[in-house]
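Going by my numbering, the sequence shown opens with residue 3, and the numbers climb by one from there.
Backbone N, C-alpha and C define an ideal beta-carbon position, used for all residues, glycine too.
Computed from a predicted structure; not experimentally measured.
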Amino acid sequence: MKLPWNDKKFVLLVIAVVAVIALEVLSITGINFPMPYAPFIFGALVLGVGYEVLWEGLQALVRLKFSSINLLMLIAVVAAFYLGEYPEAAVVIVLYVLGEKLEDIGVEQSMSALDSLVQNSPKTATLKSTGQDVPIADIEVGTIIQVKPHDLIPLDGVVEFGVSAVDESTITGEPIPKDKIKGDSVFAGTLNKSGFIELRVTKAAADSTLAKIIELTFEAQATKSQSQKFIQKFARVYTPIVLLLAVLLFAVPVLFLGHEFKEALHQAITLLVISCPCALVISTPVAIYAAIGNASARGALVKGGMYLEQMAKIKAVCLDKTRTITYGKPIVSDVISLDGSDREELLACTAGTEFFSEHPLAQAIVEAAKREGFTPHESEMFQSHAGKGATSRCKVCEGEEVIVGSLNFVREFQPISKEAEAEVAKLSAQGKTAVAISFGHGVAGIIGLTDEVKPESAQAIADMKNIGIEPIMLTGDNDSAAQHVAQQVGIEQAHGDLLPQDKVKYLKDALAKYEHVAMVGDGVNDAPALALSTVGIAMGAAGSDTAIETANIALMNDKLSLIPFLIKLGRRTVGVIKGNTVGAIAVKLLFIVLAFAGYGNLVLAITADVGVTLVVILISLTLAKYRGKVGSSGLQ
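Put into structure tokens, the structure is as follows:
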């Protein structure tokens, strides 16, 4: 934890801590302030440092709110003054305030990245039409704005002019800038690294991706984890019990056992001080904030501590295929010649016909030809046949007729060989889409297209299995494609041809079997399943309002490898909270027993209480740097 030495109040508090500890040591050795100055000197120190705590304690006493921790502190300080233990009273209040300050520092540091983002986010944008800077709240959708190199992008938009590299780490957690050209989307709060660009605004300032992230992250602070709720309920019951025990520890020995009034009161005060559940109350929010901050830095927006804790319980993960395991964009996987035509002729001539089509399969073929260095052949007389294919005449191939489409479409014009049918059947069995090509004499070749699997998907699935998670694929794509992709990435349970309601059915089955199941999808057609799951996780949520709003966790950078990391982070967070809670309660019980046995020591009790508080804060803050190594997937 980095201490804020530039904070004057913190520095003064540290000086006060050093002073009271020194005075306490001198008191133990018999060196004290002479009377009648001691009460006034220590009283001024106590009020100067702990006036807020004492005032809140007094308010709790007036309202008879015996569950208040500050009431415990007020009673302990007043009683210590009554006993003439002025240094002890100062130590009690100063170290308690130090513990609260350290809690604030921990929370502030865990949220510092978001706070910095809020403070540094652009407040104005430059209009292309006038060159004037205007508040982003006044800019309407469709307006063209200008962004200079090294400036933050003020609003979500689409590049209309210019080329640049944009650092999107604030949104996606990805450190490598992405190249942006005309037609590419950009997000508010990201950094324009190099070129001058002009953007057409696509979302108002209040609706931007950055605004959504900020809004939901601050809302996440109000969504308390189950541990926080438990600790707060525990404290409300625990504090009155401690007060009752302190009264009994004082009253019974004095009234029934003949003990001295001052000695019994001293033991009761010792009990009150050590029983203050500071460490219990502080450790959980610091742990949750630190873990959520860690996840955010990696591009995972967690909407509250309760969802992080739920991730620790997950036993199975249901995953959509398209845009989750795969890119959701077709690519050419096979180019099969059946009449001796070479690869260039098949791709270039087909691309020449498909050049006029906006169909995703057509564009994939055009992109494949260009990627391999083949110029699409110039065509004429293009005619599209909806849902079937297209025809044209190729100028490069001496006016040769070109027919591109499904095998049944080509069959309407040309005879189909058994070899062509066999190749199409083979591709279909692999979950691929087959496009047949004819140059006017039977079938010249077959082009196979597939939805490309993300390079990290197989490793991410392996990481899930390594930590005891069962991956299950639920997809609306055809079952052959589902089984083929599942085999590639190592998923044993895969179900295809599913409508949204079918996914819900399979998810219910998984919940019945595994009890705690996460659902990973794109946040639109998977919305019913996301809502039903233990934790709904939206993939590739950047730019998708539906994904951010539907899911409990939104992965802004489309990284499947974050799933096993979040499960391990959740487990680690729960482990830290449980460890802190058990450790703090154990120390408390030890000193309570010592107090009842007559061996309670006020100075030792104070030291132990603050020491435990400091330790649990430091342990909780380690979650901010947790790396969660899983296999070799690069989660380091």
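Check                                                                                                                    : Outcome
Three-way DSSP call (helix, strand, coil) for H387 in this model                                                         : strand
Segments assigned alpha helix (DSSP H), at least 4 residues, entirely inside the region 273 to 328                       : 280 to 299 and 307 to 313
Contact set for F376: own chain, Cβ-Cβ below 6 Å, skip 5 residues either direction                                       : E346, L349 and A350
Residue interval of the beta strand (DSSP E) (run including I579)                                                        : Where I579 is concerned, there is no enclosing beta strand (DSSP E), although the alpha helix (DSSP H) it sits in stretches over L564 to F598.
DSSP state of H497 mapped onto helix, strand, coil                                                                       : strand
Under 7 Å between C-beta atoms of A314 and L564                                                                          : no
DSSP three-state assignment for I199, whether helix, strand or coil                                                      : strand
Residue of T536, A24 and A520 minimising C-alpha distance to P566                                                        : A520
Contact set for L625: own chain, Cβ-Cβ below 8 Å, skip 5 residues either direction                                       : A289, A292, A293, N296, L571, R574, T575 and V578
Three-state secondary structure assigned by DSSP to M541                                                                 : coil
Collapsed DSSP secondary structure at Q148 in the structure displayed                                                    : strand
Nearest-angstrom Cα separation, counted from A21 out to D9                                                               : 19 Å
DSSP three-state assignment for S430, whether helix, strand or coil                                                      : helix
Counted within 10 angstroms of its Cβ, other Cβ atoms place A266 as buried (16 or more) or exposed                       : buried
Presumed contact (8 Å Cβ cut-off) between A139 and A207, rounded CB distance                                             : 5 Å
C-alpha distance - F163 paired with P179, whole-angstrom precision                                                       : 18 Å
CB of D169 within 7 Å of CB of K195, strictly                                                                            : yes
M521 - DSSP class collapsed to helix/strand/coil                                                                         : strand
Euclidean distance between Cα positions of I173 and I333                                                                 : 27 Å
Nearest-angstrom Cα separation, counted from M75 out to G59                                                              : 7 Å
The region 503 to 513 in contact with the region 458 to 471 per 3-pair CB rule at 8 Å                                    : no
R395 classed as buried or exposed, judged by whether at least 16 other C-beta atoms fall within 10 angstroms             : buried
Three-pair Cβ contact test at 8 Å for the region 154 to 163 versus the region 184 to 203                                 : yes
Identified DSSP bridge partners for K182                                                                                 : S166
Three-way DSSP call (helix, strand, coil) for C399 in this model                                                         : coil
First and last residue of the uninterrupted beta strand (DSSP E) at A436                                                 : T435 to S440
Cut-off 8 Å between Cβ atoms - residues of its own chain near F263, not counting five sequence neighbours on either side : V256
Burial state of V143 (16 or more Cβ within 10 Å)                                                                         : exposed
Residue closest to A514, alpha-carbon to alpha-carbon, out of I316, T552 and A553                                        : I316
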